[in-house]
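*Asks:* Dropping a structure here in structure tokens format, bear with me for questions.
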Amino acid sequence: MAIPVSYNLRNCLQRPVSTLTTAVAVGLTVLIFVGALALASGFQAALTATGSDNNIMILRKGADSEVSSALTRDTVNIIRAHDAVAQNAEGRPLASPEVVVMVVKDRLGQTGSSNVLVRGIDPEALALRDNVKIVNGRMFSPGADEVIVGKLVADRFVGFNIGDTVRFGQQTVTVAGHFEAGGSSFESEVWGDNAVLMPAFRGEVFQTMTFRMKDPSRFEEVKKEMEADPRLQVDVKRESEFYAAQSELLANLLRFLGVFITIVMGVGAVFGAMNTMYAMVGTRLREIATMLVLGFRPIVVMLSFMIEAVLISLFGGVLGCLAALPINGIVTSTTNFASFSEVAFAFKVTPQSLFYGMIVAGLLGLAGGFFPALRAARQPLVEGLRGG
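What follows is the structure, given as structure tokens:
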């Protein structure tokens, strides 16, 4: 016969201070864990949203990032003429060779500086990135010394308000507008015309090329053909897969650090749960002995105390998850290890991360309640009936 759960709930409520103290310790652990997952999810979501399954990215063979790649004009022209490249209504290839470089800029309202990614594009680039929208000002004029700035750059760096002038090498450009890109990492970039930015940075060389596939189902065939062409010497990737892969290293590191900190804090939470449960066992020796006399088996008594510990921890887990909800959407930034540029993104608290947080809370309850519950089950009957 099982001991009713209502019995455990009543005992938790009879000791509100110790119960709440233990629950708060568990809740803080869960908060840190969910926060780390939200950080990793937000960063990964920003980069994953950057690419499209219908676009192909071309990089120099062996290049592991955009900034380490290099494509000649001949390579770009050969690819632009390929029959796999889609065309717009005017019959122009939907392709954009791009200059990609880092510049160091001062932070807004903070000391220090950080890398900002600057991208030179062709006019077709906006047709390739459907999520890019000008939200303030206007698009830069082709051939003009103008740029448009991602909203997260404008919010976090000095000198990127509309009308401001920015120095890139020997070139001075004017900020013509701000753009959004659906929360993707493009919002952490500055875009300008290839014809203007190329002479200011690396001369007659592009870093990458992106084009829209006429038939996305032909990706493997196109990839095999282009990578086998000795004139090109390129790697061919889906744009979505490229940016997803760029996020993996840092996202996994953030998750690892989150788990590590959770383990460290979890040890303290487990000892707190143990102390609480040992105290509960110590004050209920006669009660435990009475249950054994009434025919409850020791394993049932042990299970009852385990349930009590888990209930306290789950309550703490709920507190931790509720405390984590307000961080959803808060914008922060970090360095993308793949490109060494700063990427701003929003914390993303997902149902999955909350679920994992509750699992962590339950495990802490099991770990903290096991030995006190074992002591309760092994309590000598005579000693318990004498009142301990």
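If you number the sequence shown the way the working numbering does, the last residue is 728 and the count never jumps. Ideal Cβ positions, reconstructed from N, Cα and C, are used throughout, including at glycine.
Just mark residue 409 as buried or exposed, buried being the case when its beta carbon has 16 or more other beta carbons within 10 Å.
*Replies:* Here residue 409 refers to the residue found at position 69 of the sequence shown. Residue 409 is buried by the Cβ-count criterion.
*Asks:* When we look at the beta-carbon of residue 568 and count the other beta-carbons within 10 Å, is it buried (16 or more) or exposed?
*Replies:* The residue given as residue 568 occupies position 228 in the sequence shown. Residue 568 is exposed by the Cβ-count criterion.
*Asks:* Express the C-alpha separation of residue 579 and residue 468 in angstroms, rounding to a whole number.
*Replies:* The residue you call residue 468 lines up with position 128 of the sequence shown. The residue you call residue 579 lines up with position 239 of the sequence shown. Each residue's alpha carbon lies about 11 Å from the other.
*Asks:* The beta strand (DSSP E) with residue 476 in it runs from where to where?
*Replies:* For the purposes of this step, residue 476 is taken as residue 136 along the sequence shown, with counting starting at 1. Residue 476 -> beta strand (DSSP E) spans 473-477.
*Asks:* Ends of the alpha helix (DSSP H) at residue 469?
*Replies:* Reading the sequence shown from its first residue, position 129 is the one you call residue 469. Run containing residue 469: none; DSSP gives neither H nor E here.
*Asks:* Note down, one range per segment and in chain order, each beta strand (DSSP E) of at least 3 residues found wholly within the region 387-459.
*Replies:* Counting only runs of 3 or more, we get 395-400, 435-446.
*Asks:* Where does the unbroken alpha helix (DSSP H) through residue 566 begin, and where does it stop?
*Replies:* As a working mapping, residue 566 is identified with position 226 in the sequence shown. Start and end: 559-568.
*Asks:* Taking residue 553 as part of the beta strand (DSSP E), name the residues at either end of that continuous run.
*Replies:* Looking up residue 553 in the sequence shown gives position 213. Unbroken run through residue 553: none, as it is neither H nor E.
*Asks:* Need the endpoints of the beta strand (DSSP E) that residue 688 sits in, please.
*Replies:* Residue mapping note: residue 688 aligns to position 348 of the sequence shown, counting from 1. Here residue 688 belongs to no beta strand (DSSP E), and DSSP marks it neither H nor E.
*Asks:* Can you check which of these residues, 463, 482, 681, is closest to residue 442 by C-alpha distance?
*Replies:* In the sequence shown, residue 442 corresponds to position 102, counting from 1. Nearest of 463, 482, 681 to residue 442, Cα basis: 681.
*Asks:* What residue range is occupied by the uninterrupted alpha helix (DSSP H) comprising residue 672?
*Replies:* Looking up residue 672 in the sequence shown gives position 332. Run containing residue 672: none in the alpha helix (DSSP H); it sits in the beta strand (DSSP E), 671-675.
*Asks:* Is residue 529 close to the ligand ATP? I mean its beta-carbon at under 8 Å from any heavy atom of the ligand.
*Replies:* Ligands are entirely absent from the displayed structure, and the ligand ATP is therefore not among its contents.
*Asks:* Do residue 528 and residue 389 have their C-beta atoms within less than 9 Å of each other?
*Replies:* Within the sequence shown, residue 528 is the residue found at index 188, counting from 1. Within the sequence shown, residue 389 is the residue found at index 49, counting from 1. Their beta carbons are not under 9 Å apart, which means residue 528 does not touch residue 389 by this criterion.
*Asks:* Would you check if the distance between the CB atom of residue 454 and the CB atom of residue 675 is smaller than 9 Å?
*Replies:* Here residue 454 corresponds to residue number 114 of the sequence shown, with the count starting at 1. Here residue 675 corresponds to residue number 335 of the sequence shown, with the count starting at 1. Yes, they are a contact pair.
*Asks:* When the distance is taken between beta carbons, is residue 460 closer than 9 Å to residue 414?
*Replies:* Within the sequence shown, residue 414 is the residue found at index 74, counting from 1. Within the sequence shown, residue 460 is the residue found at index 120, counting from 1. Their beta carbons are not under 9 Å apart, which means residue 414 does not touch residue 460 by this criterion.
*Asks:* Just reading off the beta strand (DSSP E) that residue 519 is part of, what are its end residues?
*Replies:* Against the sequence shown, residue 519 aligns to sequence position 179. Counting along the chain, the beta strand (DSSP E) containing residue 519 begins and ends at 511-520.
*Asks:* Name the two residues that bound the continuous alpha helix (DSSP H) containing residue 718.
*Replies:* Indexing the sequence shown from 1 puts residue 718 at position 378. Unbroken run through residue 718: none, as it is neither H nor E.
*Asks:* Can you pull the DSSP bridge partners for residue 533?
*Replies:* Indexing the sequence shown from 1 puts residue 533 at position 193. Answer is 461, bridged to residue 533.
*Asks:* Rounded to whole angstroms, what is the Cα-Cα separation between residue 629 and residue 719?
*Replies:* As a position in the sequence shown, residue 629 is number 289, starting the count at 1. As a position in the sequence shown, residue 719 is number 379, starting the count at 1. Near 7 Å, if we compare the C-alpha coordinates of residue 719 and residue 629.
*Asks:* Since residue 419 and residue 559 should fall inside the 8 Å C-beta cutoff, what is the C-beta to C-beta distance between them, to a whole number of angstroms?
*Replies:* Stepping through the sequence shown from its first residue, residue 419 is reached at position 79. Stepping through the sequence shown from its first residue, residue 559 is reached at position 219. At roughly 14 Å, the Cβ-Cβ gap does not stay under 8 Å, so residue 419 and residue 559 are not in contact.
*Asks:* Comparing C-alpha positions only, which one of 490, 539, 586 sits nearest to residue 511?
*Replies:* The residue given as residue 511 occupies position 171 in the sequence shown. Looking at the Cα atoms, 539 is the closest of the given residues.
*Asks:* Would you please state the rounded distance, in angstroms, between the beta carbons of residue 612 and residue 362? I believe it to be under 8 Å.
*Replies:* If you number the sequence shown from 1, residue 612 lands on position 272. If you number the sequence shown from 1, residue 362 lands on position 22. Contact flag correct, Cβ pair sits at about 5 Å.
*Asks:* Going by other Cβ atoms of all chains shown within 10 Å of its Cβ, with 16 needed for buried, is residue 473 buried or exposed?
*Replies:* In the sequence shown, the residue the question calls residue 473 occupies position 133. Exposed is the call here.
*Asks:* May I ask you to list the residues that DSSP assigns as paired with residue 366?
*Replies:* As a first step, residue 366 must be located in the sequence shown, where it is residue number 26. Residue 366 pairs with nothing; no bridge assigned.
*Asks:* Hey, could you find the ends of the beta strand (DSSP E) residue 508 is sitting in?
*Replies:* Walking along the sequence shown from the start, residue 508 turns up at place 168. Looking at the DSSP string, the run of the beta strand (DSSP E) that includes residue 508 is 505-508.
*Asks:* Starting from the C-beta of residue 520, find all residues in its chain whose C-beta is less than 7 Å away, skip the five residues before and the five after it, and write them out in chain order.
*Replies:* Here residue 520 corresponds to residue number 180 of the sequence shown, with the count starting at 1. The residues are 473, 475, 491, 527.
*Asks:* Alpha carbon to alpha carbon, how far is residue 373 from residue 598? Give it in angstroms, no decimals.
*Replies:* Taking the sequence shown and counting its residues from 1, the one referred to as residue 598 is at position 258. Taking the sequence shown and counting its residues from 1, the one referred to as residue 373 is at position 33. The straight-line gap from Cα to Cα measures roughly 5 Å.
*Asks:* Quick check: what's the CA-CA separation for residue 531 versus residue 487?
*Replies:* As a first step, residue 531 is located in the sequence shown; it is residue number 191 there, counting from the start. As a first step, residue 487 is located in the sequence shown; it is residue number 147 there, counting from the start. Their Cα atoms are separated by approximately 6 Å.
*Asks:* Quick one: give me the first and last residue of the beta strand (DSSP E) that residue 575 is part of.
*Replies:* As a working note, residue 575 is residue 235 in the sequence shown. Taken as a continuous stretch (DSSP letters only), the beta strand (DSSP E) holding residue 575 covers 574-578.
*Asks:* Return the Cβ separation of residue 502 and residue 513 in integer angstroms, given the expectation that the two are a contact with Cβ distance under 8 Å.
*Replies:* One-based indexing of the sequence shown puts residue 502 at position 162. One-based indexing of the sequence shown puts residue 513 at position 173. Not really, about 13 Å apart at Cβ, beyond 8 Å.
*Asks:* Classify residue 462 as buried or exposed, calling it buried when 16 or more other Cβ atoms lie within 10 Å of its own Cβ.
*Replies:* As a working note, residue 462 is residue 122 in the sequence shown. Buried, since its Cβ has 16 or more Cβ neighbours within 10 Å.
*Asks:* Please classify residue 502: does DSSP put it in a helix, a strand, or coil?
*Replies:* Sequence index remark: in the sequence shown, residue 502 carries index 162 (1-based). Of the three classes helix, strand and coil, the one that applies to residue 502 here is coil, per DSSP.
*Asks:* Nearest CA to the CA of residue 423: which residue from 368, 561, 639?
*Replies:* Locating residue 423 in the sequence shown gives position 83, counting from the first residue. Nearest C-alpha to residue 423: 561.
*Asks:* Can you tell me whether residue 497 is helix, strand or coil according to DSSP?
*Replies:* The residue labelled residue 497 in the question sits at position 157 within the sequence shown. Residue 497 falls in the strand class under three-state DSSP.
*Asks:* With DSSP collapsed to three states, give me the class of residue 343.
*Replies:* Here the question's residue 343 lines up with position 3 in the sequence shown. Here residue 343 sits in coil by DSSP.
*Asks:* Taking residue 660 as part of the beta strand (DSSP E), name the residues at either end of that continuous run.
*Replies:* Walking along the sequence shown from the start, residue 660 turns up at place 320. No beta strand (DSSP E) holds residue 660; the alpha helix (DSSP H) holding it covers 638-664.
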